[in-house]
Amino acid sequence: MNRPFWGWVNMMFNRVDRARLKKVGPDRLCAEWLLKNGAKAKFVKDARVHVHFNALPDESLPVLMEELDGTDSGIMHIGFDHLEGLSRLRKVVLHNCVYIDNQALWKLRYVANTLEELQISKCGNVTDAGLLQLKQLPQLQQVKTFDLPDVKNIQEVEKTLKQALPNCKFDMQP
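Under the working numbering, think of the first position of the sequence shown as 14, with each following residue one higher.
Structure representation (structure tokens):
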């Protein structure tokens, strides 16, 4: 009984609030989503990594998301719709994210024109097929993976990605 309830709560914290999106824009809303779910956000021209919702800049100040760190957070694929409209996100870390799956990696397409660095590690629901979605990210310069138990043929995945993304450096462990 408890498990379905918490699954529902996590889904609600990950959904895009369209009214709030209109009010604060995609970058601010993305940061709010991340912090509500235990992740971290970094903005362009701001050295701070934001970890507390109440420490975000005032809503009236424009912000641009630059880095997303989902380490140990409750972010899930439903929430990756928050990436739509981001114009400067260049780095994503997904480490020990129990809800991250192939669908989340597919939604990285929203930031295909800006994403340069990506780490996917200790995410038990990611498979070979999910990693192959990275082919849709032509600006990637660096990809690191490790501790992905459902990835069965990392060498073949890496070979395919190297062909699709010849300018990217890969450090891929299963």
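Backbone N, C-alpha and C define an ideal beta-carbon position, used for all residues, glycine too. Keep in mind the model is a prediction, meaning the values are calculated, not measured.
Next item on the list: To the nearest angstrom, report how far apart L178 and V64 are at their CA atoms.
Entry: 32 Å
Next item on the list: Look at the alpha carbon of A54 and the alpha carbon of R103, and state the distance between them as a whole number of angstroms.
Entry: 12 Å
Check: chain C beta carbons: is any one of them nearer than 8 Å to that of A177?
Finding: Looking for chain C here will not work: only one protein chain is present.
Check: What are the start and end residues of the beta strand (DSSP E) that includes Q155?
Finding: 155–159
Checklist line | DSSP-derived helix/strand/coil call for H65 | finding: coil
Next item on the list: Reducing DSSP to helix, strand and coil, say where D141 ends up.
Entry: helix
Margin query: Quick test of the definition: if touching needs 3 or more C-beta pairs under 8 Å, does the region 60–74 touch the region 116–124?
Written below: no
Check: What's the gap between the Cα of Q168 and the Cα of R33?
Finding: 43 Å
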